[in-house]
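In short: position in the sequence shown from 1, add 1249, done, that's our numbering.
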Amino acid sequence: MRPKVTRAALLREFGAPLELAEVPLPDELPPGSAIVRVRTTTLCGTDAHLWQGAMPFVALPIVLGHEMVGEIVALGPYAGQDALGAPVEIGSRVVWSESVCGHCHGCAVLREPVLCANRGYGFSQRADRWPFVIGGLSEYAYLPPGAHRVVVADDMPDTWAASAGCAVKTVVRAFANAGGVDPGATVVVQGSGPLGLVATALARAGGAGQVITLGGPSGRLRMATAFGADTIIDVTAVTDSDERVAMVEELTGARGADLVIDVAGGPTVNREGVLMCAQRGTHVVVGLAGPGAAAVPMDVVMSRELRVVGSLNGDVGDLVRALRLLTGLADRFAWDALFSDPVGLADADSALKDMATMAAVKAVVDPRMEIS
Ligand SMILES: [Zn+2]
Ligand SMILES: [Zn+2]
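Pasting the structure below:
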């Protein structure tokens, strides 16, 4: 009954096609662990970057995918309850947070799971070492102990639940770290990818008076408008960073924005983000600046009394709030527009390509689909 192996799309070599292969599953299940049949994996920009070799220090082979929802098919002893007290049983449909160790400085002293030194992030697990598969591009995956589980409500689509696992929870945490949206505040969202679109929606729903979203290509910017942006700025058309700052200045009556959220990453984004801030404004950094980043003008940080705040992914609390956000705002925003039609594991390559070329906002893989 319990599967001993799983079919998975393996990343063996950066940039090369994924290889469909059989990978073992753990023989024995430690207390608190489980085996999950993956129902849906939504891809994240990080999956595409990793595949393209942007993180060459990651040891291969691995199974990509860290936004997924699945059904419990086997449980270790002490299965217990989910993070909200609901029973976790065979057949429960769950999402889960990255596992944490509970005894490092981040866990024990700072009590911030995202800062755990031993966080079980998808790409940290080699597929040729126990427990083999914790990624989502696989028919079955191991759910480690120390990963908080959340049983998903019956009426929540798999795609929504999966995307809460990285994209949506990351946005939720970024707003929390920023201290929320002041009523009527001006919010600038740097980026119109999945995080940018969710951030645009959350700014709008959170009571912003004005929402300005920067990004591209144009299809994504049209979506940003549908997700609540008053103004969109196409960075492929307005390529000069200072010109974009001037546009935000003009749109805000020379005052600047109260909250500027970087979900784009890139070398000029944080300099630009700080320059777009109003006095006492906040710049939240979610994106990766990468090498060769432009200097952030600290004299502006000082003279305007700005706050520059980092935000890293999300913990199980952010995950729970992400699920609530999707449900709570379902009547207001067409979340389904974020997701492409699902493909099977054999087409996971093309799904990754769609992420890399921005053809998809969120490519979707359903490992249950037949492999032809
Ligand atoms: Zn991600
Ligand atoms: Zn830890």
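Every residue gets a Cβ at the ideal spot worked out from N, C-alpha and C, and that includes glycine.
When the five nearest sequence neighbours on each side are left out, the beta carbons in the same chain lying within less than 6 angstroms of the beta carbon of V1565 are those of A1332, S1346, H1397, in order along the chain. For R1469, the uninterrupted alpha helix (DSSP H) run begins and ends at 1467 to 1475, by DSSP. Cβ contact annotation for P1432 (same chain, cutoff 7 angstroms, sequence separation greater than five): G1456, in chain order. Residues close to ligand 1 by the beta carbon criterion (under 6 angstroms to any non-hydrogen atom) are, from first to last along the chain, C1293, T1295, H1315, C1415. Within its own chain, the residues whose Cβ lies closer than 8 angstroms to the Cβ of P1443, once the five positions on either side in sequence are excluded, are C1293, G1294, S1412, A1416, L1587, V1610, K1611, listed in chain order. For L1259, same chain residues with a beta-carbon under 8 angstroms away, outside a window of 5 residues either side, are L1267, E1268, L1269, A1270, V1272, P1310, I1311, V1312, A1376 in chain order. In the structure shown, C1415 adopts helical secondary structure according to DSSP, grouped into three states.
Residue state for C1356 is assigned as helix, using DSSP reduced to three classes. Taking the Cβ of A1486 as the reference point, every heavy atom of ligand 2 lies at 7 angstroms or farther away. At the C-beta level, V1344 and V1401 come within 8 angstroms of one another. For L1278, the closest C-alpha among the options T1289, A1328, E1316, M1304 is that of A1328. For L1446 and L1574, the gap between their C-alpha atoms comes out near 13 angstroms. For V1254, the CB contacts under 8 angstroms within the same chain, skipping 5 residues up- and downstream, are E1271, V1272, P1273, L1274 in chain order. For F1582, the number of other beta carbons within 10 angstroms of its own is at least 16, and it is reported as buried. For V1437, the closest C-alpha among the options A1425, A1423, Q1459 is that of Q1459. At least one heavy atom of ligand 2 falls within 7 angstroms of the beta-carbon of A1366.
The three-state reading of DSSP puts P1443 in helix, counting H, G and I together. Within 10 angstroms of the beta-carbon of W1379 lie fewer than 16 other beta-carbons, which makes it exposed. When DSSP states are grouped into helix, strand and coil, H1532 belongs to the strand group.
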